[in-house]
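Peer 1:
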Amino acid sequence: YTLSFFILPVIWRIGKRYGLHTQPDFFIKIYNSRGLGVLVALIGVFSIIPYLQLQLAGLGFIVEVSSDGAISSNAAILIAFVLTCVFVYTSGIKGAAWVAIIKDILMIAAVFIVGFGVPAIYHGGIGKMMAALIDKMPEHLVFPGATTNMDVLWVMSTILVTAMGFYMWPHVFGSAFSAKSDKVIKRNAIIMPFYQIPILLIFFVGFTALLVIPGLANGDLAFLELVKQTYPPWFLGFVGAAGAVTAMVPAAILVLFAATLVAKNIYKSGFRPQARDESVMRLSRIMVIVIMAVSLFFALKFPNELVPLLILGYDGVSQLFPGVVLGLFWKRVTKSGVLSGILSGVDVVAALILSGNDPFLGLNAGFVGLALNAAVTVGVSWVTQK
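Each residue of the sequence shown is one higher than the one before, starting from 1329 at the first, in the working numbering.
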């Protein structure tokens, strides 16, 4: 949010001046390169897929737990896929925005009730729960915690990647273009950090689950299992409904933006500039199903924990950060420099993750790729014509 205070108002002014709508539009305008726009769109789409996979898996967990195990995890993910597709086609971007307000109210209510409730019910309060945790499982309060390779370096490098990558997500970047003014963007940057306070309560629920449900096979189910064990069934239904909407709203926005990137910035800008708006819209609607189906395939074939999936997406979109920031504030940057930097960063991230070398020297693979990306972008820009 601190970064958004400085970069989004400038992006908004450029977007307003030139009528930009998407992140690739920005790269095309700044660097006068449709090819670079296509590359940025591809990175955005491929980074969104693990994020969508995360939403499907999360919604699947809710269906599985709410059915008391009667519905298998794979069947739950299939149900989640159908629910999300129906929501996307019936709501659109405006509907998703309105439902997001309901989602926030429901989820914040659930988080506050459970976050303060379960430590009080099982330990007499948050302070006593923390004292019990310090006594029985102190390793969970220091890095690397229960892991062997995610030490302080990994945590700090991951925080940097997520901080630099947050506004590089296509849907978040694109939201800057629709703001009423640059003053609204700055105001949001000041207010939004308060939205993170409820995350502390999620930590408290997780710590309570460690003590109350030791040896839980899947840590991603800690919140739901604790609610199921502690509260009456109707409240589990309430939490499940809040969680389901919380999964479907981001999924709808993500898949709508990804489909737009494919239709507008890959198909039209890259290959068919003469394509009519009707055909672009038709392709966009088809791509919603295609992208959701790809995410479903990965969710079923390659199940993963939720947090690594999100970090994988951040590793991809954060590679766009040097091109955006240098394009805004450094006149010497060149198209060749940005293109070389992005390709080198993405290649290194892919090589490290696929070879099982993430973390690398204790650092998040995305951060290693981002550091190389920035160095290559600056170096190549110095030796090429601006």
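Glycine included, every Cβ here is placed at the ideal spot set by N, Cα and C.
Exposed or buried, Q1602, counting other C-beta atoms within 10 Å across all chains shown (16 or more means buried)?
Peer 2: Locating residue 1602 in the sequence shown gives position 274, where the first residue counts as 1. Q1602 is classed as exposed because its beta carbon has fewer than 16 other beta carbons within 10 Å across all chains shown.
Peer 1: So who's on the other strand from F1688, going by DSSP bridges?
Peer 2: Stepping through the sequence shown from its first residue, residue 1688 is reached at position 360. The partner list for F1688 (beta bridge, DSSP) reads L1691.
Peer 1: Among the residues of its own chain, which have a CB less than 7 Å from the CB of G1388, if the five just before and after it don't count?
Peer 2: Here residue 1388 is taken as the residue at index 60 of the sequence shown, counted from 1. Counting only Cβ-Cβ distances below 7 Å, and skipping sequence neighbours, we find S1401, A1404, I1405 and A1408.
Peer 1: What span of residues does the alpha helix (DSSP H) with W1562 cover, start to end?
Peer 2: Position 234 of the sequence shown, counted from the first residue, corresponds to residue 1562. Where W1562 is concerned, the enclosing alpha helix (DSSP H) stretches over P1561 to T1588.
Peer 1: Would you mind sorting V1414 into buried or exposed? The rule is 16 or more other CB atoms within 10 Å of its CB.
Peer 2: As a position in the sequence shown, residue 1414 is number 86, starting the count at 1. Flag for V1414 reads exposed.
Peer 1: Pairs of beta-carbons, one from the segment 1655–1670 and one from the segment 1629–1646, closer than 8 Å: are there three or more?
Peer 2: no
Peer 1: Put E1633 into one of helix, strand or coil per three-state DSSP.
Peer 2: Here residue 1633 corresponds to residue number 305 of the sequence shown, with the count starting at 1. Reduced to three states, the DSSP call for E1633 is coil.
Peer 1: Starting from V1366 and walking both ways along the alpha helix (DSSP H), at which residues does that stretch end?
Peer 2: Taking the first residue of the sequence shown as 1, we reach residue 1366 at position 38. From DSSP, the alpha helix (DSSP H) with V1366 extends over R1362 to S1394.
Peer 1: Rounded to whole angstroms, what is the Cα-Cα separation between V1373 and P1466?
Peer 2: Sequence index remark: in the sequence shown, residue 1373 carries index 45 (1-based). Sequence index remark: in the sequence shown, residue 1466 carries index 138 (1-based). Using only the alpha carbons, I get a separation of about 40 Å.
Peer 1: To which residues of the same chain is L1564 closer than 7 Å at the C-beta, ignoring the five residues directly before and after it?
Peer 2: For the purposes of this step, residue 1564 is taken as the residue at position 236 of the sequence shown. Excluding sequence neighbours, L1564 sits near S1394, V1555 and K1556.
Peer 1: What does the alpha-carbon distance come out to for the pair V1708 and L1667?
Peer 2: Looking up residue 1708 in the sequence shown gives position 380. Looking up residue 1667 in the sequence shown gives position 339. Taking the straight line from one Cα to the other gives about 9 Å.
Peer 1: May I have the straight-line CA-CA distance separating V1500 from G1651, to the nearest angstrom?
Peer 2: Working through the sequence shown from its first residue, we reach residue 1500 at position 172. Working through the sequence shown from its first residue, we reach residue 1651 at position 323. So the two alpha carbons sit approximately 16 Å from each other.
Peer 1: Compare the beta carbon distance of V1439 and L1529 with 7 Å and say whether it is the shorter of the two.
Peer 2: Locating residue 1439 in the sequence shown gives position 111, counting from the first residue. Locating residue 1529 in the sequence shown gives position 201, counting from the first residue. Taking 7 Å as the cut-off, the Cβ atoms of V1439 and L1529 count as close.
Peer 1: Can you tell me which of the three DSSP states I1430 falls into?
Peer 2: Taking the sequence shown and counting its residues from 1, one reaches residue 1430 at position 102. Note: I1430 maps to helix in three-state DSSP.
Peer 1: Measure from the alpha carbon of G1534 to the alpha carbon of each residue in P1526, F1551 and I1519, then state which is nearest.
Peer 2: Taking the first residue of the sequence shown as 1, we reach residue 1534 at position 206. Ranking P1526, F1551 and I1519 by Cα distance to G1534 puts F1551 first.
Peer 1: Please identify the residue among M1457, G1420 and G1343 whose C-alpha is closest to the C-alpha of S1503.
Peer 2: Numbered from 1 along the sequence shown, position 175 holds the residue referred to as residue 1503. The candidate whose alpha carbon is nearest that of S1503 is G1343.
Peer 1: Among R1341, Q1647, V1366 and I1513, which has the Cα closest to the Cα of L1488?
Peer 2: Along the sequence shown, one-based indexing puts residue 1488 at 160. Ranking R1341, Q1647, V1366 and I1513 by Cα distance to L1488 puts Q1647 first.
Peer 1: Alpha carbon to alpha carbon, how far is G1397 from T1588? Give it in angstroms, no decimals.
Peer 2: Taking the sequence shown and counting its residues from 1, one reaches residue 1588 at position 260. Taking the sequence shown and counting its residues from 1, one reaches residue 1397 at position 69. Approximately 37 Å, taken between the alpha carbons.
Peer 1: So for H1499, helix, strand or coil by DSSP?
Peer 2: As a first step, residue 1499 is located in the sequence shown; it is residue number 171 there, counting from the start. Helix.
Peer 1: What separation, rounded to the nearest whole angstrom, lies between the Cα atoms of Y1495 and A1572?
Peer 2: For the purposes of this step, residue 1495 is taken as the residue at position 167 of the sequence shown. For the purposes of this step, residue 1572 is taken as the residue at position 244 of the sequence shown. Each residue's alpha carbon lies about 24 Å from the other.
Peer 1: Since I1518 is in the alpha helix (DSSP H), which residue starts that stretch and which ends it?
Peer 2: For the purposes of this step, residue 1518 is identified with residue 190 of the sequence shown, where counting begins at 1. Its alpha helix (DSSP H) spans residues D1510 to I1519.
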